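Protein chains in written order, with this note's numbering: chain A, 1 to 219; chain B, 1001 to 1209. Take a look at the structure below.
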Amino acid sequence: MSTYRKILREGLWDNNMIASQLLAMCPAMAVTATATNGLGMGLATTAVLVASNTLVSSIRHLVPSAVRIPIFIVLIASLVTLVDLALNAWLHELYKVLGLFIALIVVNCGILGRAESFASRSSVPRAALDGLAMGLGFTLAMVAIGAVREVIGSGSLFAQAQLLLGPAFGFLELRLFDGGALLMVLPPGGFLVLGGLLAAKRALEGARRRRGVVVAQSA
Amino acid sequence: MIGHQTLERLRPTIPFQASMLALTVMLASAALSVADRATRQPIADAVARDTRASLAQVLPPDSFDNDPAADVLDTSDGGMPVTVHVARKSGVPTAVVLATSTRGYAGEIGLVVGISREQRVLGVRVTRHSETPGLGDKIEIAKSDWVASFAGRHLSDPETAKWAVRKDGGVFDQFAGATITPRAVVAAVKRCLVLYRSEHEQWFSVRKP
Chain A
1 MSTYRKILRE GLWDNNMIAS QLLAMCPAMA VTATATNGLG MGLATTAVLV
51 ASNTLVSSIR HLVPSAVRIP IFIVLIASLV TLVDLALNAW LHELYKVLGL
101 FIALIVVNCG ILGRAESFAS RSSVPRAALD GLAMGLGFTL AMVAIGAVRE
151 VIGSGSLFAQ AQLLLGPAFG FLELRLFDGG ALLMVLPPGG FLVLGGLLAA
201 KRALEGARRR RGVVVAQSA
Chain B
1001 MIGHQTLERL RPTIPFQASM LALTVMLASA ALSVADRATR QPIADAVARD
1051 TRASLAQVLP PDSFDNDPAA DVLDTSDGGM PVTVHVARKS GVPTAVVLAT
1101 STRGYAGEIG LVVGISREQR VLGVRVTRHS ETPGLGDKIE IAKSDWVASF
1151 AGRHLSDPET AKWAVRKDGG VFDQFAGATI TPRAVVAAVK RCLVLYRSEH
1201 EQWFSVRKP
């Protein structure tokens, strides 16, 4: 059981797709101008990641290592296209909000990274859990970057959340102040906040490690 | 099912690798073409629903009794395709909606522009775009009421030179950090009005059975 807990911990924090592996930088910079967009991209990516990890893991014995990369790419691209078509046809309202992000998921190297480094070597339940944990960790980081950029850049938080989550979630939208530093909404803001996020994570881990050493010595 | 050992032996051989790759691509193509077939009609229906909804947003509800989404005429303006929807009441044209697109900052912006017989803008809505979220997407009515500033405008209100964003000496607001997007939309609405002025006689002379 502890391996499952480890998988969760790795995905959410220790080996976080954005904050530790530094993968998926394209969506992390491109769609995090608001927390809502970060959340939308995160959830869509999580769904694709769980599906692709499960699929890759279930055919892992059949895939020769020499051609594994093209096979994974074909699988991921087809999966994303299927999700895109299905949303457009049957969940059209949601598609109008998320449609922008879905095609971008193909270029998320984090998904291929998980297929290659984890799912192709693990059992199906572990691969699926890893997809879920990595996806949620990604979502968390996306929402964090988006929230900081949105608060500083436009003075609001979770603007238009009701478009993504439905009218019941309109209460999430906060209006803090008018105006804001435009720089944070533009691409440089993404780099600044990402840098801050990485530094904060390192500092937190460093502090925890030092405290651990002190505790170990005094014991 | 082939056994584990046979698989171990086959996996490093080139024919096995090639056929696995080919099989994957075939299965993926098959899945995609099935999905395309299954979703084509629902997607077309959803797009048609969207068209009807966006037409209804730029036409006064009591100004027509036909189905402007079906009363169409295709034309073009400077290389950009324009679809003309004619709103009629008892067969008499009361207004038109021009569905067109223009090039924005990050790709095409689809627009519908409602124009009355008096050559005034009845309303403008953006139907699709891929402008920067948080910046250029203020052209959507759901995110900002900017497009409402076109309602009631005429080619001589403001005067022709002022049909531009403020930065270019016009009367329409640009967005902080995004000038290209509103500039493209203002120019497209103006082009629609010019097109209406020169072509509407011809559009209305085409009788629909």
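For glycine and all other residues, C-beta sits at the position ideal for the given N, C-alpha and C. The structure presented is a predicted model; accordingly, all values stated were derived computationally and were not measured.
Best match in the options for proximity to residue i [C-alpha to C-alpha]
{"i": "L129 (chain A)", "options": "A:G40, A:E173, A:A51 and A:L176", "result": "A:A51"}
{"i": "A19 (chain A)", "options": "A:R208, A:R211, A:V193 and A:G212", "result": "A:V193"}
{"i": "L165 (chain A)", "options": "A:K6, A:S65, A:L91 and A:S122", "result": "A:L91"}
{"i": "P70 (chain A)", "options": "A:T46, A:A115 and A:P125", "result": "A:A115"}
{"i": "M25 (chain A)", "options": "A:D14, A:L104 and A:S58", "result": "A:L104"}
{"i": "T1051 (chain B)", "options": "B:S1019, B:R1011 and B:T1100", "result": "B:T1100"}
{"i": "F177 (chain A)", "options": "A:S156, A:F171, A:L186 and A:G190", "result": "A:S156"}
{"i": "I1115 (chain B)", "options": "B:L1155, B:F1175, B:A1106 and B:G1079", "result": "B:L1155"}
{"i": "V1058 (chain B)", "options": "B:V1121, B:R1166 and B:F1172", "result": "B:V1121"}
{"i": "Y4 (chain A)", "options": "A:A133, A:E173, A:L198 and A:G146", "result": "A:A133"}
{"i": "L43 (chain A)", "options": "A:H61, A:L75, A:N15 and A:V97", "result": "A:V97"}
{"i": "A1187 (chain B)", "options": "B:E1201, B:Q1174, B:F1204 and B:A1164", "result": "B:A1164"}
{"i": "L1111 (chain B)", "options": "B:T1006, B:L1007, B:G1170 and B:K1190", "result": "B:K1190"}
{"i": "T1004 (chain B)", "options": "A:A33, A:N15 and A:R60", "result": "Note that residue 1004 (chain B) is His in the sequence shown, not Thr. Of A:A33, A:N15 and A:R60, the residue nearest in Cα terms is A:R60."}
{"i": "H1200 (chain B)", "options": "B:R1125, B:R1117, B:S1029 and B:G1123", "result": "B:R1117"}
{"i": "R158 (chain A)", "options": "A:N53, A:T45, A:G40 and A:L49", "result": "Inspection of the sequence shows that residue 158 (chain A) is occupied by Phe rather than by Arg. Ranking the options by Cα distance to F158 (chain A), first place goes to A:G40."}
{"i": "G1079 (chain B)", "options": "B:T1102, B:G1170, B:V1086 and B:A1087", "result": "B:T1102"}
{"i": "I102 (chain A)", "options": "B:D1077, B:V1124 and B:S1130", "result": "B:S1130"}
{"i": "S1246 (chain B)", "options": "A:A66, A:T34, A:I76 and A:P64", "result": "Missing from the structure shown is residue 1246 (chain B); chain B here goes from 1001 to 1209 and no further."}
{"i": "V1047 (chain B)", "options": "B:D1036, B:T1127 and B:M1026", "result": "B:T1127"}
{"i": "V1194 (chain B)", "options": "B:D1036, B:D1077 and B:P1015", "result": "B:D1077"}
{"i": "L197 (chain A)", "options": "A:Q162, A:F138, A:S154 and A:Q160", "result": "A:F138"}
{"i": "L8 (chain A)", "options": "A:A207, A:A127 and A:S154", "result": "A:A127"}
Collapsed DSSP secondary structure at residue i in the structure displayed
{"i": "D1067 (chain B)", "result": "coil"}
{"i": "R1128 (chain B)", "result": "strand"}
{"i": "R1120 (chain B)", "result": "coil"}
{"i": "L55 (chain A)", "result": "helix"}
{"i": "E150 (chain A)", "result": "helix"}
{"i": "L91 (chain A)", "result": "coil"}
{"i": "M1080 (chain B)", "result": "strand"}
{"i": "G195 (chain A)", "result": "helix"}
{"i": "L23 (chain A)", "result": "coil"}
{"i": "K1138 (chain B)", "result": "helix"}
{"i": "D84 (chain A)", "result": "helix"}
{"i": "D1050 (chain B)", "result": "helix"}
{"i": "E1108 (chain B)", "result": "strand"}
{"i": "S963 (chain B)", "result": "What the structure shows of chain B is the stretch from 1001 to 1209, and residue 963 (chain B) is not part of that stretch, so it cannot be assessed."}
{"i": "T46 (chain A)", "result": "helix"}
{"i": "T1075 (chain B)", "result": "strand"}
{"i": "T1179 (chain B)", "result": "coil"}
{"i": "K201 (chain A)", "result": "helix"}
Residue i versus residue j - alpha carbon distance
{"i": "E150 (chain A)", "j": "L100 (chain A)", "result": "19 Å"}
{"i": "P1068 (chain B)", "j": "T36 (chain A)", "result": "35 Å"}
{"i": "I152 (chain A)", "j": "G1134 (chain B)", "result": "13 Å"}
{"i": "S1090 (chain B)", "j": "R1183 (chain B)", "result": "38 Å"}
{"i": "R1153 (chain B)", "j": "T1181 (chain B)", "result": "19 Å"}
{"i": "A86 (chain A)", "j": "R210 (chain A)", "result": "50 Å"}
{"i": "A203 (chain A)", "j": "V213 (chain A)", "result": "15 Å"}
{"i": "A1142 (chain B)", "j": "M1020 (chain B)", "result": "48 Å"}
{"i": "P1093 (chain B)", "j": "L1055 (chain B)", "result": "15 Å"}
{"i": "V943 (chain B)", "j": "V1206 (chain B)", "result": "As displayed, chain B neither begins before 1001 nor continues past 1209, which places residue 943 (chain B) out of reach and without an answer."}
{"i": "P1209 (chain B)", "j": "G190 (chain A)", "result": "At P1209 (chain B) the pLDDT is 48, less than 50, meaning the model places this residue with poor confidence; the figure from the coordinates comes in the next sentence. Roughly 57 Å between the two C-alpha positions."}
{"i": "M1026 (chain B)", "j": "A1018 (chain B)", "result": "12 Å"}
Beta carbon proximity, residue i to chain A, threshold 7 Å
{"i": "I1180 (chain B)", "result": "no"}
{"i": "A1022 (chain B)", "result": "no"}
{"i": "Q1119 (chain B)", "result": "no"}
{"i": "T1039 (chain B)", "result": "yes"}
{"i": "R1103 (chain B)", "result": "no"}
{"i": "P1209 (chain B)", "result": "Confidence at P1209 (chain B) is low in this model, with a pLDDT of 48, below 50, so the placement of that residue should be treated as unreliable; the coordinate-derived value is given next. No - not a single Cβ of chain A is within 7 Å of the one on P1209 (chain B)."}
{"i": "V1025 (chain B)", "result": "yes"}
{"i": "R1011 (chain B)", "result": "yes"}
{"i": "A1056 (chain B)", "result": "no"}
{"i": "A1053 (chain B)", "result": "no"}
CB contact below 7 Å: residue i versus chain B
{"i": "I71 (chain A)", "result": "yes"}
{"i": "V67 (chain A)", "result": "yes"}
{"i": "P167 (chain A)", "result": "no"}
{"i": "T34 (chain A)", "result": "yes"}
{"i": "A89 (chain A)", "result": "yes"}
{"i": "S120 (chain A)", "result": "no"}
{"i": "S156 (chain A)", "result": "no"}
{"i": "P64 (chain A)", "result": "yes"}
Own chain residues within Cβ distance below 6 Å of residue i, not counting five before or after
{"i": "V1185 (chain B)", "result": "I1139"}
{"i": "L23 (chain A)", "result": "M17, C109, G110 and G113"}
{"i": "G1136 (chain B)", "result": "Y1105, A1178 and T1181"}
{"i": "R1009 (chain B)", "result": "none"}
Same chain only: Cβ atoms within 8 Å of residue i, ignoring 5 sequence neighbours per side
{"i": "R1125 (chain B)", "result": "S1054, Q1057, V1058, L1111, V1112, I1141 and V1147"}
Neighbourhood of residue i by C-beta distance below 7 Å, restricted to the same chain and skipping five residues each side
{"i": "V48 (chain A)", "result": "L79, V80, V83, I105 and I111"}
{"i": "S1063 (chain B)", "result": "A1087, K1089, T1094 and A1095"}
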